[in-house]
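Student:
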Amino acid sequence: MTGTATAFALLDLLAIALFITGLHFLNAPPTARFGNRLAMVGMLIALVVVLVGTLNAGWWTIAIGIVAGGLIGIVAAALVKMTAMPQMVALYNGAGGGAAALVSTVELAVVHQKAAALDPVVAVSLVLSAMIGAISFAGSLVAFAKLQELMTGRPVTYPGQQGVNAIVALAIALLLAFFIARLGAVPTWEYPGLVLASLIFGVLFVLPIGGADMPVVISLLNSATGVAVAITGIELSSTLLITGGALVGASGTILTVAMSKAMNRSLTNVLFGAFGSAGGAEPAAASGAQQNVRSVSVDDVAAMLAYASKVMVVPGYGMAVAQAQHSVKALADQLEKRGVTVLYAIHPVAGRMPGHMNVLLAEANVPYEALLDLDDANAQFPTTDVSLVIGANDVTNPAARNVKSSPIYGMPILDVDKAANVVVLKRSMRSGFAGIENPLYELPNCSMLFGDAKASVDALTAAVKEL
Amino acid sequence: MTDASHLVALLTVLVLAAFVGFEVISKVPTTLHTPLMSATNAIHGVVIVGAIVVVAELFHAPVHGPALAVLAIVAVALGSINVFGGFAVTERMLQMFKRKERPK
């Protein structure tokens with residue numbers, strides 16, 4: 001190694017250390033920003049090192065790419081609404097996966113000019129990172145389309161779906177076998193075939209997964225891009241890429257498993273169960289008899305809240321859809337003025353990505369100490385006067401505790417019904433994502449306030465003010 | 468270094484980094500799962516370094532068509548979106564996490 005090369009390698013090592021330290025500091029809210037900054041500095045060092053190292057080669061090409069991509073990324077990050085964060089993360093993730101696939105494609109061409117016969121390690125890692133990157137790219141785009149509601153958020157199923165998936169998987173396996181068998185020759189059709197099949201597989205694999213399972217999918221795709229980047233690192237002999245990719249691959253796996261556990265379902269069931277499709281064409285059809293529920297007025301609920309001593313807000317995806325987080329905070333402020341303790345119960349899979357509700361409430365200036373996780377919240381419900389359920393459904397369904405035949409049986413839920421009173425803000429009696437009835441609504445201590453979540457909460461705030 | 472020991476060295480780094488990833492991340496509370504995900508998302512944007520290396524290789528290659536150059540530019544641009552967008556959005560989210568209300 002020359003002196004410069006050694007210096008560059010050491011700087012890369014510093015960048016790796018900064019990534020790890022940065023992630024470490026992300027484990028507590030007070031230090032999280034510092035952690036993110038450390039990781040940024042690490043990335044800056046890595047970029048400067050590679051740019052200095054390639055100064056005399058195609059710098060204008062590189063500059064165009066960096067500036068164009070950087071501008072798009074930063075502007076989009078500044079403009080995106082907090083409620084649209086899941087699809088934004090999906091897009092960035094797709095960009096990373098696409099980049100990994102393209103790097104491998106170009107590298108393949110370059111390597112081939114140098115030698116006709118490919119080194120097996122390089123060849124296999126090339127093709128693997130291209131495949132995983134392509135799957136992640138295509139899958140992220142479908143996830144984006146679903147979350148952005150460019151297409152239905154419900155699982156897309158069709159007859160023979162398993163068969164089609166099996167054929168694509170088989171095609172990938174065959175192409176891979178051909179590619180490896182013909183390492184000595186210039187790959188003509190196997191490589192493009194593999195990338196194309198991987199793209200198709202990425203689309204097919206996300207299509208049957210429903211909106212409520214998106215937290216799992218997004219963290220899985222994030223993890224997949226990490227793995228693709230790590231393998232790209234092996235083909236380029238870059239410990240920087242290997243480390244960066246492996247860190248993300250590992251962390252994404254942890255999140256994915258945590259999300260599946262929070263739904264008491266195996267990862268296989270999330271990915272291949274087409275959960276919430278309720279038999280395909282007829283989603284969420286009311287199966288049984290009409291439920292007997294008690295509807296209440298805004299004034300009744302306002303009085304109940306104002307004279308309570310502890311209120312637990314239970315937000316769900318409905319709060320995000322109605323953009324009601326600021327209204328919820330305004331209501332909480334009014335209640336706190338009257339001496340009411342307001343806490344928030346956050347289910348791990350509420351919303352469309354891990355921690356979605358926490359980010360929305362943080363945007364509305366809710367201090368993070370008031371946000372309770374599943375266990376802490378459930379310890380508090382028996383001493384709570386009012387559970388205020390805003391746009392959450394399946395995560396409050398008591399059927400998960402005791403109805404063995406229920407599709408969500410065994411899923412850990414928020415025990416909202418243990419509070420003295422439950423008020424559910426809901427647009428209509430339509431069932432939740434899982435397409436199952438919620439017996440909570442028929443309980444004697446439960447009442448329903450129908451209407452748009454934001455409008456209802458605003459009305460409640462006004463009514464509490466008047467009291 | 469022989470090819471085999473080089474590969475083993477790279478795989479060692481891969482496996483150790485994965486373990487470090489497991490250890491570091493398993494301590495993150497649910498409150499921070501979204502920022503964590505977008506921060507790790509930005510970190511895998513390090514693939515941009517690979518994209519830049521490949522552009523340089525392409526430049527030094529004896530012959531290369533415009534198609535490959537376009538693919539390489541797009542790779543750099545996608546990596547750049549991933550890195551800059553990922554970090555910017557994480558920063559924006561973390562700015563919102565506050566301990567208690569500030570007087571307005």
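Chains as they are written, first to last, in this note's numbering: chain A, 1 to 467; chain B, 468 to 571.
For each residue, glycine too, the CB sits at the ideal point set by N, CA and C.
A/T157 by DSSP, collapsed to three states: which one?
Tutor: Along the first sequence, read from residue 1 onward, the residue named residue 157 of chain A stands at position 157. Three-state DSSP puts A/T157 in coil, outside helix and strand.
Student: Quick one: what does DSSP say B/F564 is sitting in, helix, strand or coil?
Tutor: Within the second sequence, numbered from 1, the residue matching residue 564 of chain B stands at position 97. Looking at B/F564 - three-state DSSP - the assignment turns out to be coil, as it is neither helix nor strand.
Student: Whose CA, out of A/A181, A/Y92 and A/L23, lies closest to the CA of A/L118?
Tutor: Locating residue 118 of chain A in the first sequence gives position 118, counting from the first residue. When only C-alpha atoms are compared, the closest one is A/A181.
Student: Would you say A/G160 faces chain B, with C-beta separation under 8 Å as the test?
Tutor: Within the first sequence, numbered from 1, the residue matching residue 160 of chain A stands at position 160. Judged by the 8 Å Cβ criterion, A/G160 is not in contact with chain B.
Student: Would you please state the rounded distance, in angstroms, between the beta carbons of B/V521 and A/V110? I believe it to be under 8 Å.
Tutor: Your numbering for residue 521 of chain B matches position 54 in the second sequence. Your numbering for residue 110 of chain A matches position 110 in the first sequence. The pair is a contact, with the Cβ atoms about 7 Å apart (cut-off 8 Å).
Student: Rounded to whole angstroms, what's the CA-CA distance from A/A212 to A/N269? Just pull it up for me.
Tutor: Walking along the first sequence from the start, residue 212 of chain A turns up at place 212. Walking along the first sequence from the start, residue 269 of chain A turns up at place 269. Whole-angstrom Cα-Cα distance: 13 Å.
Student: Please look up how many angstroms separate the CB atoms of A/M85 and A/V359, rounded, as I've assumed it's under 8 Å.
Tutor: As a position in the first sequence, residue 85 of chain A is number 85, starting the count at 1. As a position in the first sequence, residue 359 of chain A is number 359, starting the count at 1. Contact holds; Cβ gap of about 6 Å.
Student: Tell me, please, whether the CB atom of B/P529 is closer than 8 Å to any CB atom in chain A?
Tutor: On the second sequence, position 62 is the one that residue 529 of chain B refers to. B/P529 counts as touching chain A.
Student: Note the first and the last residue of the continuous beta strand (DSSP E) segment covering A/F450.
Tutor: By one-based count along the first sequence, residue 450 of chain A stands at place 450. That run of the beta strand (DSSP E) goes C446 to F450.
Student: Could you tell me whether the Cβ atoms of A/G245 and A/G226 are closer together than 8 Å?
Tutor: What you label residue 245 of chain A is simply residue 245 of the first sequence in a count that begins at 1. What you label residue 226 of chain A is simply residue 226 of the first sequence in a count that begins at 1. Yes. Within cutoff.
Student: Measuring alpha carbon to alpha carbon, tell me which residue in B/V480, B/T507, B/H527 and B/A523 is nearest A/I231.
Tutor: In the first sequence, counting from the first residue as 1, residue 231 of chain A sits at position 231. Residue B/V480 is the option with its Cα nearest to A/I231.
Student: Residues in the same chain with beta-carbon distance under 7 Å from A/K418, minus the five sequence neighbours each way, listed in chain order, please.
Tutor: By 1-based counting over the first sequence, the position of residue 418 of chain A is 418. Counting only Cβ-Cβ distances below 7 Å, and skipping sequence neighbours, we find F381 and P382.
Student: For the alpha helix (DSSP H) that A/I135 lies in, which residues bound it at each end?
Tutor: On the first sequence, position 135 is the one that residue 135 of chain A refers to. Start and end: P120 to L147.
Student: With 8 Å set as the bound, which would you pick, yes or no: does the beta-carbon of A/E107 sit closer than that to a beta-carbon of chain B?
Tutor: By 1-based counting over the first sequence, the position of residue 107 of chain A is 107. Yes, contact with chain B.
Student: Taking its Cβ as the centre, do 16 or more other Cβ atoms sit within 10 Å of A/Y158, making it buried, or is it exposed?
Tutor: Along the first sequence, read from residue 1 onward, the residue named residue 158 of chain A stands at position 158. It counts as exposed.
Student: Are the C-beta atoms of A/I132 and some chain B residue less than 8 Å apart?
Tutor: Numbered from 1 along the first sequence, position 132 holds the residue referred to as residue 132 of chain A. False, the Cβ-Cβ gap to chain B never drops below 8 Å.
Student: Can you say whether A/S456 is buried or exposed, counting buried as having 16 or more other CB atoms within 10 angstroms of its CB?
Tutor: Reading the first sequence from its first residue, position 456 is the one you call residue 456 of chain A. It counts as buried.
Student: At what residues does the beta strand (DSSP E) containing A/T341 begin and finish?
Tutor: Start at 1 with the first residue of the first sequence, and residue 341 of chain A comes out as number 341. Taken as a continuous stretch (DSSP letters only), the beta strand (DSSP E) holding A/T341 covers T341 to A345.
Student: When DSSP builds the beta bridges, which residues end up paired with A/P315?
Tutor: As a first step, residue 315 of chain A must be located in the first sequence, where it is residue number 315. The partner list for A/P315 (beta bridge, DSSP) reads A/I390.
Student: Could you check what DSSP says for A/L467 in three-state terms: helix, strand or coil?
Tutor: Counted from its first residue, the first sequence places residue 467 of chain A at position 467. Coil, per DSSP.
Student: Would you identify the three-state DSSP class for A/K337, choosing helix, strand or coil?
Tutor: Stepping through the first sequence from its first residue, residue 337 of chain A is reached at position 337. In this structure, A/K337 counts as helix in the three-state DSSP scheme.
Student: Give the single residue among B/A534, B/A509 and B/A542 whose Cα lies nearest to the Cα of A/A77.
Tutor: Taking the first residue of the first sequence as 1, we reach residue 77 of chain A at position 77. Nearest of B/A534, B/A509 and B/A542 to A/A77, Cα basis: B/A509.
Student: So which residues on chain A does B/P502 lean against when the C-beta distance must stay under 8 Å?
Tutor: Within the second sequence, numbered from 1, the residue matching residue 502 of chain B stands at position 35. Chain A residues near B/P502: L26, A32, N36, G355 and V359.
Student: Can you look up A/V422 in the DSSP assignment and give me helix, strand or coil?
Tutor: To locate residue 422 of chain A, count along the first sequence from 1; it is residue 422. A/V422: strand per DSSP, three-state reduction.
Student: Helix, strand or coil for A/K81 per DSSP?
Tutor: What you label residue 81 of chain A is simply residue 81 of the first sequence in a count that begins at 1. In the structure shown, A/K81 sits in coil (DSSP, three-state: anything other than H, G, I, E or B).
Student: In angstroms with no decimal places, state the Cα-to-Cα distance between A/E282 and A/S198.
Tutor: Translated into positions along the first sequence, residue 282 of chain A becomes position 282. Translated into positions along the first sequence, residue 198 of chain A becomes position 198. Because the pLDDT at A/E282 is just 35, under 50, the model does not fix this residue reliably, and the value given afterwards should be weighed accordingly. Whole-angstrom Cα-Cα distance: 31 Å.
Student: According to DSSP, is B/L525 part of a helix, a strand, or is it coil?
Tutor: As a first step, residue 525 of chain B is located in the second sequence; it is residue number 58 there, counting from the start. In this structure, B/L525 counts as helix in the three-state DSSP scheme.
Student: Taking Cβ-Cβ distances shorter than 7 Å, what residues in chain B pair up with A/G98?
Tutor: On the first sequence, residue 98 of chain A is found 98 positions in, with the first residue counted as 1. L545, listed in chain order.
Student: Spatial neighbours of A/G96 within its chain, please: C-beta separation below 6 Å, excluding the five flanking residues on both sides.
Tutor: Residue 96 of chain A sits at position 96 when you count from the first residue of the first sequence. Taken in chain order, the residues that qualify are T225.
Student: Distance, Cα to Cα, A/L55 vs A/K146?
Tutor: Position 55 of the first sequence, counted from the start, is the residue given in the question as residue 55 of chain A. Position 146 of the first sequence, counted from the start, is the residue given in the question as residue 146 of chain A. Approximately 42 Å, taken between the alpha carbons.
Student: Compare the C-beta of A/T256 with all C-beta atoms of chain B and state if any pair is closer than 8 Å.
Tutor: Locating residue 256 of chain A in the first sequence gives position 256, where the first residue counts as 1. Not closer than 8 Å to any Cβ of chain B, the Cβ of A/T256 fails to qualify, so no.
Student: By the 7 Å beta-carbon criterion, what residues does the stretch 129 to 156 of chain A contribute toward chain B?
Tutor: Listed in sequence order: no entries.
Student: Between B/V487 and chain A, is any beta-carbon pair separated by less than 8 Å?
Tutor: Mapped onto the second sequence, residue 487 of chain B falls at position 20. Chain A, which has a Cβ nearer than 8 Å to the Cβ of B/V487, makes this yes.
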